[in-house]
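Numbering (our numbering), first residue to last: 174 to 403.
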């Protein structure tokens, strides 16, 4: 049975990127994402190749890299399906001409180049999650917020970092839950099809909300335990 990889799941390692402080990666990833979206597509193409090479250097396999950028392909399919639904279906000739015109390079150029940029952004995020544990991400976010509060002379506790940490942790957590549910479904003789998604999506929603609630309560309890008693 082939091994399945969860979206944005951490991969243990001893590479230079694993050893890089998480706060540096947390500052670099958003900045790289913004630059990739605003700069010409040539930069995104170079980043795409560079991130793929960097992934191989830190021992992230091609299958794992593809798993993390696979949502871009689903998004591309949805875009093209919506375009097909807006075509003129009066007769066969009009359908063929509409297809030829709608999916010509001139009409699809901007979409394809945007998908290239989005893929590069997803690659950068993948490198962050693949080489940083949840604890490292939390400590990095806390450190960044603490430094900002010192500069701005703010004395309140770090609250934004907790929210951001839970949001970042929620992405790989949902993917991991889905992998567990789908494996259990297939192990019980279920088929990979529409019925599986209809049956498992409500369970995914419930389990994800439950885990998010438990995580939130655990953080609140920990904060109450370490805070000084009045």
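Note that beta-carbon positions come from the ideal geometry of N, C-alpha and C, so glycine has one too.
Original post:
Is the beta carbon of residue 233 sitting closer than 7 Å to the one on residue 303?
Top reply: Position 60 of the chain shown holds residue 233. Position 130 of the chain shown holds residue 303. Yes. Within cutoff.
**OP:** Run through the stretch 190-273 for me and flag every whole alpha helix (DSSP H) of 4 or more residues, listed as ranges in chain order.
**Re:** 195-211, 214-230, 235-258
Subject >> Touching by the beta-carbon criterion (3+ pairs, under 8 Å), the stretch 277-285 and the stretch 235-243 >> reply: no
Subject >> 7 Å CB neighbourhood of residue 249 in its chain, flanking five on each side removed >> reply: Sequence index remark: in the chain shown, residue 249 carries index 76 (1-based). Same-chain partners within the cutoff: 288.
**OP:** Pick out whichever of 213, 312, 187, 217 has its Cα sitting closest to the Cα of residue 291.
**Re:** Sequence index remark: in the chain shown, residue 291 carries index 118 (1-based). Residue 217 is the option with its Cα nearest to residue 291.
Original post:
The alpha helix (DSSP H) spanning residue 287 covers which residue range?
Top reply: On the chain shown, residue 287 is found 114 positions in, with the first residue counted as 1. Unbroken alpha helix (DSSP H) run through residue 287: 278-303.
Original post:
Alpha carbon to alpha carbon, what distance is there between residue 310 and residue 174?
Top reply: Position 1 of the chain shown holds residue 174. Position 137 of the chain shown holds residue 310. The predicted position of residue 174 is uncertain, since its pLDDT is 44 and thus under 50; a value taken from the coordinates is nonetheless stated next. Each residue's Cα considered, the two are about 32 Å apart.
**OP:** Determine the DSSP secondary structure at residue 366, reduced to helix, strand or coil.
**Re:** Here residue 366 is taken as the residue at index 193 of the chain shown, counted from 1. Reduced to three states, the DSSP call for residue 366 is coil.
Original post:
With respect to the alpha helix (DSSP H) encompassing residue 313, which residues constitute its N-terminal and C-terminal limits?
Top reply: Residue numbering aside, residue 313 sits at position 140 when the chain shown is read from its first letter. Its alpha helix (DSSP H) spans residues 307-324.
Original post:
Among 191, 296, 360, which one has its Cα closest to the Cα of residue 202?
Top reply: Looking up residue 202 in the chain shown gives position 29. Ranking 191, 296, 360 by Cα distance to residue 202 puts 296 first.
Original post:
Which residue from 191, 200, 259 puts its Cα closest to that of residue 230?
Top reply: As a position in the chain shown, residue 230 is number 57, starting the count at 1. Comparing Cα-Cα distances from residue 230 to each of 191, 200, 259, the minimum goes to 191.
**OP:** Check whether the Cβ atoms of residue 220 and residue 293 lie closer than 7 Å to each other.
**Re:** Walking along the chain shown from the start, residue 220 turns up at place 47. Walking along the chain shown from the start, residue 293 turns up at place 120. In this structure, residue 293 lies closer than 7 Å to residue 220 by Cβ.
**OP:** Output the distance between the C-alpha atoms of residue 366 and residue 243, rounded to the nearest integer angstrom.
**Re:** Your numbering for residue 366 matches position 193 in the chain shown. Your numbering for residue 243 matches position 70 in the chain shown. Looking at the two C-alpha atoms, the distance is approximately 18 Å.
**OP:** Report the rounded CA-to-CA distance for residue 188 versus residue 198, giving the unit in angstroms.
**Re:** For the purposes of this step, residue 188 is taken as the residue at position 15 of the chain shown. For the purposes of this step, residue 198 is taken as the residue at position 25 of the chain shown. In a straight line, the C-alpha of residue 188 is about 14 Å away from that of residue 198.
Original post:
Under 7 Å between the Cβ atoms of residue 181 and residue 344?
Top reply: Here residue 181 corresponds to residue number 8 of the chain shown, with the count starting at 1. Here residue 344 corresponds to residue number 171 of the chain shown, with the count starting at 1. Yes, the pair counts as a contact, with Cβ atoms nearer than the cut-off.
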